[in-house]
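**Q**
Numbering (my numbering), first residue to last: 965 to 1150.
1. Return the residue from the list 1006, 1062 and 1089 that minimises the CA-CA distance to residue 978.
2. Look at the alpha carbon of residue 1079 and the alpha carbon of residue 1039, and state the distance between them as a whole number of angstroms.
3. Using DSSP bridges, identify the partner residues of residue 987.
4. For residue 1140, which residues of its own chain have a beta-carbon under 8 Å away from its beta-carbon, when the five flanking residues on both sides are left out?
5. Restricting to Cα atoms, I'd like to know which of 1105, 1100 and 1096 is closest to residue 1076.
6. So, is residue 1093 buried or exposed, given that buried needs 16 or more other C-beta atoms within 10 angstroms?
7. Excluding sequence positions up to five away, which residues of its chain have a Cβ less than 6 Å from the Cβ of residue 1120?
8. What are the partner residues of residue 1002, as DSSP defines its beta bridges?
9. Classify residue 1116: buried if its beta carbon has 16 or more other beta carbons within 10 angstroms, exposed otherwise.
10. With DSSP as the reference, label residue 1020 as helix, strand or coil.
11. Quick one: residues in its chain with C-beta nearer than 6 Å to the C-beta of residue 1108, no 5 flanking neighbours on either side, listed in chain order?
As structure tokens, then:
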């Protein structure tokens, strides 16, 4: 994870490139093998979500409202029953503060954000989903059937993400170099 100014700067540049509307970036959820609590490990976060929001915890969604200049990290806090099995887990508010996001809310707020943007004719920007749980969540939010989501994805958002992620920052190059050095040592 980089310092919070990195993520603030990246989201500001993304807002500039996309121009207007509401951007929704889905993080990944746990993927169960044969029942909900028996998941494949370790969970791998969506790389675009990581690039802009930097958090590896499952069950998070980042929302960037370009027109009102608001950024949200949405997700549900771990409850007491989960703490028994998982131990201490930072709150969504703590995770948001680490990456410079001031607004948080439970996942239920996501539907309000999307419905409000659609009602006010703002463009809802999302990337083509590749996981079925995200497709279902997107269908619940927008009414778009999974078979229609790929072509409904935001071309402006796709182009902005590709433009930004194709150029590496010095800190990214340093991490790549260290990974290569480690590979060489192995």
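Just so it is clear, CB atoms sit at the ideal spot from N, CA and C, and this is done for glycine as well.
**A** So, from the listed chains and residues:
1. 1089
2. 17 Å
3. According to DSSP, residue 987 shares a beta bridge with 1028 and 1089.
4. 1132
5. 1105
6. buried
7. 982
8. 999
9. exposed
10. Looking at residue 1020 - three-state DSSP - the assignment turns out to be coil, as it is neither helix nor strand.
11. 1116.
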